[in-house]
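Number of protein chains: 2
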Amino acid sequence: MSPRLAGTPAQAATREELSPVDGLAQLSFVIMGMLERRAAEHDLSLAQTRLLGVLRDRRPAMNELARLLGLDKSSITGLVDRAERRGLVVRVPSAADRRAVLVSLTDDGRLLVSQAAARFEADVSTMLNGLPPRQRATLSRLVSQLLAAHAAGQGVDLFATVDAEAR
Amino acid sequence: MSPRLAGTPAQAATREELSPVDGLAQLSFVIMGMLERRAAEHDLSLAQTRLLGVLRDRRPAMNELARLLGLDKSSITGLVDRAERRGLVVRVPSAADRRAVLVSLTDDGRLLVSQAAARFEADVSTMLNGLPPRQRATLSRLVSQLLAAHAAGQGVDLFATVDAEAR
DNA sequence: TATTGTTATACTCTATAACTATA
DNA sequence: TATAGTTATAGAGTATAACAATA
Chain A
1 MSPRLAGTPA QAATREELSP VDGLAQLSFV IMGMLERRAA EHDLSLAQTR LLGVLRDRRP
61 AMNELARLLG LDKSSITGLV DRAERRGLVV RVPSAADRRA VLVSLTDDGR LLVSQAAARF
121 EADVSTMLNG LPPRQRATLS RLVSQLLAAH AAGQGVDLFA TVDAEAR
Chain B
168 MSPRLAGTPA QAATREELSP VDGLAQLSFV IMGMLERRAA EHDLSLAQTR LLGVLRDRRP
228 AMNELARLLG LDKSSITGLV DRAERRGLVV RVPSAADRRA VLVSLTDDGR LLVSQAAARF
288 EADVSTMLNG LPPRQRATLS RLVSQLLAAH AAGQGVDLFA TVDAEAR
């Protein structure tokens, strides 16, 4: 009960297993913390990192970007402005629709996000190495199942190939 | 490889298990998203929620609060200002040190954070119910082990009783 | 002198509303 | 008219540096 909303380890915890909810909440804070610290090493905020992240395999319009990141289009303008000022992304006029602007990673942007991602990935891997291989494999499988079940419950198929859509 | 930094499900994913890193990263985004949405229902930002969260079982000085939340003390001033303006916390002069100010949840603040926490907890529970009981128990145990191992690696004992300190 | 907290300032991030250009 | 994007504006959140009060 009473999940650790602050991301701070429970104090006065009895020496027992965490509740499932507390465990997942704490783990999420730990992992997001890793991401934020690695991003910060490259002077990237979480918002900038997410922007570069979605651009790794897409070249969306501002419009689409707002949908992907769950932000208002006016927020995207500023986010892309700052990234473009740093030379991490470029705006490209759309050939199909003269109102639209496509956003694309530059080589610098791709390098930066790849480096941050690699370090983050290493952090998570290191943490996972704290578990014996068998248990690590089990955890991974259960997490995948959990995500798949959750996505299904949300009407989304995690493993659906959506390449046909919006590329 | 290449974790989904954006918190967006992979597209073009083959119909296989996610990599351990991707799985944990995605799961963290899902869970943080649940927390943010539930907090937002009470007009709470993640920062405000974390503030109220740490105050649930502490009455720290501004100083201590900065340490607990990992923020600069000047950031705490504003955070507490806004919470106090809403009547969620109060500043109390320290009896022991006339420079210090203690921060304490009000009844309103406690109610608000409890409601948000309960809804968040329900979200995570619902997600976990997507797994059969046995697997759920296994996941919970592995997550606890993972956190304990990670905390140990960081020189922190998750289960240490720190009540003696800073209360 | 050192520590506690606030203030001044600047920047990022986000949203709403109004606007321009194109469809 | 509707949609794509920007601008104006406002507010939260964060940090650095300088400051006042107290230890």
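Chains as they are written, first to last, in the numbering used here: chain A, 1 to 167; chain B, 168 to 334.
The beta carbon of each residue, even a glycine, is placed where N, CA and C say it ideally should be.
Computed from a prediction, not measured in an experiment: that's the story for all the values here.
DSSP-derived helix/strand/coil call for residue i
{"i": "A61 of chain A", "result": "strand"}
{"i": "L102 of chain A", "result": "strand"}
{"i": "R258 of chain B", "result": "strand"}
{"i": "D264 of chain B", "result": "coil"}
{"i": "Q135 of chain A", "result": "helix"}
{"i": "E208 of chain B", "result": "helix"}
{"i": "S186 of chain B", "result": "coil"}
{"i": "R50 of chain A", "result": "helix"}
{"i": "A149 of chain A", "result": "helix"}
{"i": "Q193 of chain B", "result": "helix"}
{"i": "L35 of chain A", "result": "helix"}
{"i": "A66 of chain A", "result": "helix"}
{"i": "R4 of chain A", "result": "coil"}
{"i": "R223 of chain B", "result": "coil"}
{"i": "R334 of chain B", "result": "Since pLDDT at R334 of chain B reaches only 30, below the 50 mark, its modelled position is unreliable, and the value read off the structure follows with that caveat. Looking at R334 of chain B - three-state DSSP - the assignment turns out to be coil, as it is neither helix nor strand."}
Residue i, enclosing beta strand (DSSP E) - first and last residue
{"i": "S125 of chain A", "result": "Counting along the chain, S125 of chain A falls outside any beta strand (DSSP E), though it belongs to the alpha helix (DSSP H) covering 107–128."}
Start and end residues, alpha helix (DSSP H) containing residue i
{"i": "E84 of chain A", "result": "73–85"}
Burial state of residue i, where buried means 16 or more other Cβ atoms lie within 10 Å
{"i": "E124 of chain B", "result": "This structure does not reach residue 124 of chain B, given that chain B is present from 168 up to 334, and the question cannot be answered."}
{"i": "D239 of chain B", "result": "exposed"}
{"i": "G276 of chain B", "result": "buried"}
{"i": "T181 of chain B", "result": "Per-residue confidence for T181 of chain B stands at a pLDDT of 43, beneath the threshold of 50, marking its modelled position as unreliable; the derived number appears in the next sentence. Flag for T181 of chain B reads exposed."}
{"i": "E43 of chain A", "result": "The question names Glu, yet the displayed sequence has Asp at residue 43 of chain A. D43 of chain A comes out exposed."}
{"i": "A173 of chain B", "result": "buried"}
{"i": "L111 of chain A", "result": "exposed"}
{"i": "G23 of chain A", "result": "buried"}
{"i": "D97 of chain A", "result": "exposed"}
{"i": "D248 of chain B", "result": "exposed"}
{"i": "S144 of chain A", "result": "buried"}
Same chain, Cβ closer than 6 Å to residue i, neighbours up to 5 away in sequence not counted
{"i": "L295 of chain B", "result": "R303"}
{"i": "A39 of chain A", "result": "T49, A116"}
{"i": "V101 of chain A", "result": "M62, R91"}
Nonlocal neighbours in the same chain, by C-beta distance under 7 Å from residue i, ignoring five residues either side
{"i": "V21 of chain A", "result": "P3"}
{"i": "M1 of chain A", "result": "Confidence at M1 of chain A is low in this model, with a pLDDT of 47, below 50, so the placement of that residue should be treated as unreliable; the coordinate-derived value is given next. Cβ within range, chain order: S19."}
{"i": "L298 of chain B", "result": "L306"}
{"i": "E84 of chain A", "result": "V90, R91"}
Proximal residues to residue i (C-beta, below 8 Å), its chain only, five neighbours per side dropped
{"i": "V54 of chain A", "result": "P60, L65, L68, L69"}
{"i": "S241 of chain B", "result": "none"}
{"i": "P133 of chain A", "result": "none"}
Point to revise | Given 8 Å, three or more beta-carbon pairs between the segment 29–41 of chain A and the segment 186–195 of chain B | key: A contact exists between the segment 29–41 of chain A and the segment 186–195 of chain B.
Practice item. Would you check if the segment 265–284 of chain B and the segment 223–232 of chain B touch, i.e. whether three or more CB-CB distances between them fall below 8 Å? Key: With a cut-off of 8 Å, the segment 265–284 of chain B and the segment 223–232 of chain B count as touching, because enough Cβ pairs lie within range.
Point to revise | contact_flag[the segment 83–94 of chain A, the segment 145–153 of chain A] where n(CB pairs < 8 Å) is 3 or more | key: Because the criterion of three Cβ pairs below 8 Å is not met, the segment 83–94 of chain A and the segment 145–153 of chain A do not touch.
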